[in-house]
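Using the numbering used here, the first residue of the sequence shown is number 91, and each one after it goes up by one. Ideal Cβ placement from N, Cα and C applies to all residues, glycine included. Below is one structure; the comments refer to it alone.
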Amino acid sequence: MDEPRRVLPVRYGDCTVFRSPPGAFLAEAGARGLADRVVPCPHGRRAVFPPGGGPPVVT
91 MDEPRRVLPV RYGDCTVFRS PPGAFLAEAG ARGLADRVVP CPHGRRAVFP
141 PGGGPPVVT
C-alpha cells in the first residue's frame with residue numbers, strides 16, 4: 091500500500107459514526123511515525139494543498 095504524503099482527518103463533529111475521539115487518531119499516527127504527515131484543520135477553517143506537493147496551508 092502506498093503511504094500518503096499528507097493526511098487530513100475528517101473533523102470529529104462532522105460525522106456521527108466515529109467511535110473514538112480525534113486524540114486517539116493522533117496518538118496512533120504518532121505511534122506509527124506518521125504524526126508529521128497529519129494536517130489538523132480546526133472546524134471553520136480550510137486546508138489548501140498547493141499543486142506540486144508543497145506543505146498545506148490552513149487558513
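From the DSSP output, read off the bridge partner residues of residue i.
i      : result
Val147 : Val138
Val128 : Val97
Which of the three DSSP states, helix, strand or coil, is assigned to residue i?
i      : result
Gly120 : helix
Phe108 : coil
Return the residue from the list the options that minimises the CA-CA distance to residue i.
i      : options                       : result
Pro130 : Glu93, Ala121, Leu116, Ser110 : Leu116
Val100 : Phe108, Leu124, Pro94         : Phe108
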